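Engineer: Oh and the sequence shown: position 290 is 299 in our numbering, straight run, nothing missing. Quick one: this structure, given as structure tokens, is what I'll be asking you about.
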Amino acid sequence: MTSRDWRTTASSTTGRSVAARLSHQPIEPTTSRSSWSLSRASSTNQRRATVSKRLPSGKSPQKNPIHAAGRSGDDVRHSKEDALSDREFVLLLEGARELSKSDYYYEADPEFVIYTLGRLGLRRGELVHMREDWIDWRQKKIVIPEHDPCDFGEGGDVCGYCRQLARQRVDIADELTMDEALDWVWVPKTQAAAREVYFGHDERAELFIERYFDSQFYDRVEVSGTAINRRVKKAAELAPELDPEPLSPHVLRATAATHLAGKGMEMLPMMQMFGWVQPSTAEIYIGRSGVKTARELDSIY
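See below:
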């Protein structure tokens, strides 16, 4: 039974309890995939098989040359200072809800994008390449793989984001060819970024993810990185009191980390959820949270 089959069966027996609790609009039962969706899924599987045959012998995701070559973005400025407060994030979500009313967007798209970035802390590149088969509906988690051959470009080719990444790695690594680099994309930012992101604790996250993939025409995220940037900006423009200028997908990831640190999440779970390599990154958020101080003061007094 596929994840979609299991989700459809579960929905028919539970009545979509999440949707019932959080939305006045019932979610229609999922139908079977169209021939178009099946054709695309078949094409994706063929590409994965082809890439697997072309990969150099003796290599595995643990020896991925893309990671070995390093990342030019390791020195990106930290976004902690720009992170939204809980109230500001609610306002941004209201802006996304207004955005979803536009005929230009797939209705479930804006809230899904904003929430997965700002509460689950996905990176933009992870969200852009998410497929429904990354989602374990039974365990309620997104499983980000170590490697998933990219076919998000025109005609099922490698997308522009991954092609640029491959070229950057070739420029850094002397022994890496462009063809070999293209075989290895898509990959997450680091080896630690291949992880499981649980969403069962958050009914809204569960609802927005369900809504996005309910359409038979959406078995993967159909949004480019540039389009995600635009959604964040436009949602902020429609949100009262928010300044769109500093907002970006990375700022929303920092917003998620700030929110969870404020809820008392410890270092190791945060490192796992966000795919961080260094404990110092988690310490930036945990160290500035007053949760532990408040608990200590409460215990004293």
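For glycine and all other residues, C-beta sits at the position ideal for the given N, C-alpha and C. Here the structure is a predicted model, which means the values were calculated and not measured.
Compute the distance between the beta-carbons of Y221 and F121, then report whether it is under 8 Å.
Structural biologist: For Y221 and F121, yes; Cβs fall inside 8 Å.
Engineer: Would you report the Cα separation of Q281 and Q200, rounded to the nearest angstrom?
Structural biologist: Cα to Cα, Q281 sits roughly 11 Å from Q200.
Engineer: Looking at G130: is its Cβ nearer than 8 Å to the Cβ of R262?
Structural biologist: Contact: yes.
Engineer: V206 by DSSP, collapsed to three states: which one?
Structural biologist: Note: V206 maps to strand in three-state DSSP.
Engineer: Going along the chain, which residues of its own chain have a beta-carbon closer than 7 Å to the beta-carbon of E248, five neighbours each way excluded?
Structural biologist: In the sequence as displayed, the identity of residue 248 is Ala instead of Glu. Counting only Cβ-Cβ distances below 7 Å, and skipping sequence neighbours, we find L100, L101, E103 and G104.
Engineer: In whole angstroms, what is the alpha-carbon distance linking M279 and S111?
Structural biologist: When rounded, the distance between both Cα atoms is 36 Å.
Engineer: Should the stretch 286-294 be called in touch with the stretch 144-159, which here means at least 3 C-beta pairs below 8 Å?
Structural biologist: As far as the Cβ criterion goes, the stretch 286-294 does not touch the stretch 144-159, which means the pair count is below three.
Engineer: On the criterion of 16 or more Cβ atoms from any shown chain inside 10 Å, does H210 qualify as buried, or is it exposed?
Structural biologist: That one is exposed.
Engineer: Between which two residues does the beta strand (DSSP E) harbouring V241 extend?
Structural biologist: Per DSSP, V241 belongs to no beta strand (DSSP E); it is in the alpha helix (DSSP H), G234 to E246.
Engineer: Can you look up I144 in the DSSP assignment and give me helix, strand or coil?
Structural biologist: Looking at I144 - three-state DSSP - the assignment turns out to be strand.
Engineer: Report all residues from its chain with a CB closer than 6 Å to the CB of V286; omit the five preceding and five following residues, and keep chain order.
Structural biologist: Around V286: T199 and A201.
Engineer: What is the DSSP secondary structure of K110, reduced to helix, strand or coil?
Structural biologist: Coil, per DSSP.
Engineer: Please state the DSSP three-state secondary structure of V99.
Structural biologist: Three-state DSSP puts V99 in a helix.
Engineer: Could you tell me the alpha carbon to alpha carbon distance between L312 and R132, rounded to whole angstroms?
Structural biologist: Only positions 10 to 310 of the chain appear in the structure, and residue 312 is not among them; the question remains open.
Engineer: Return the chain-ordered list of same chain residues with a C-beta closer than 7 Å to the C-beta of Y170, the five sequence neighbours on each side being excluded.
Structural biologist: Cβ neighbours of Y170 beyond the five flanking positions: G134, V137 and G234.
Engineer: Between which two residues does the alpha helix (DSSP H) harbouring K381 extend?
Structural biologist: Because the chain in this structure spans residues 10 to 310, residue 381 falls outside the shown range and cannot be described.
Engineer: What would DSSP say about I123, mapped onto helix, strand or coil?
Structural biologist: In this structure, I123 counts as helix in the three-state DSSP scheme.
Engineer: So does E135 have its beta carbon nearer than 7 Å to some heavy atom of the ligand HEM?
Structural biologist: In terms of ligand content, the structure shown is empty, and the ligand HEM therefore cannot be addressed.
Engineer: What number of angstroms, rounded off, separates the C-alpha of A175 from the C-alpha of V194?
Structural biologist: Taking the straight line joining both Cα atoms gives about 7 Å.
Engineer: What three-state label does DSSP hand L153 in the structure shown?
Structural biologist: It is worth fixing the name first, because residue 153 is Ile in this sequence and not Leu. I153: coil per DSSP, three-state reduction.
Engineer: Taking the straight line between their C-alpha atoms, what separation do you get for A214 and E254?
Structural biologist: Spanning the two alpha carbons is a distance of roughly 26 Å.
Engineer: Return the CA-CA distance between Y124 and V241, expressed in angstroms with no decimal places.
Structural biologist: Those two C-alpha atoms are separated by around 10 Å.
Engineer: Compute the Euclidean distance between the alpha carbons of R204 and G273, then round it to the nearest angstrom.
Structural biologist: Near 21 Å, if we compare the C-alpha coordinates of G273 and R204.
Engineer: In whole angstroms, what separates the C-alpha of R238 from that of I309?
Structural biologist: A small correction: the amino acid at residue 238 is Asn; Arg does not occupy that position in the sequence shown. Between N238 and I309, the C-alpha separation is close to 46 Å.
Engineer: To the nearest angstrom, how far is the alpha carbon of V232 from that of R304?
Structural biologist: Those two C-alpha atoms are separated by around 42 Å.
Engineer: Which residue marks the beginning of the alpha helix (DSSP H) containing H268, and which one marks its end?
Structural biologist: From DSSP, the alpha helix (DSSP H) with H268 extends over P258 to G271.
Engineer: On the premise that T267 lies in contact with K89, defined as a C-beta separation below 8 Å, what is that separation, rounded to the nearest angstrom?
Structural biologist: So it is a contact: roughly 7 Å between Cβ atoms.
Engineer: Given C168, which residues of its chain have a CB within under 6 Å of its CB, disregarding the five upstream and five downstream residues?
Structural biologist: C159, F161 and G162.
Engineer: Does DSSP classify W45 as helix, strand or coil?
Structural biologist: With a pLDDT of only 43 at W45, under the threshold of 50, the placement of this residue in the model should not be trusted, and no figure is reported.
Engineer: How long is the line joining the alpha carbons of D192 and A182, rounded to whole angstroms?
Structural biologist: Cα to Cα, D192 sits roughly 15 Å from A182.
Engineer: Is it right to say F226 is buried, meaning 16 or more other beta carbons lie within 10 angstroms of its own, or is it exposed?
Structural biologist: F226 is exposed by the Cβ-count criterion.
Engineer: Would you report the Cα separation of D252 and A245, rounded to the nearest angstrom?
Structural biologist: Each residue's Cα considered, the two are about 7 Å apart.
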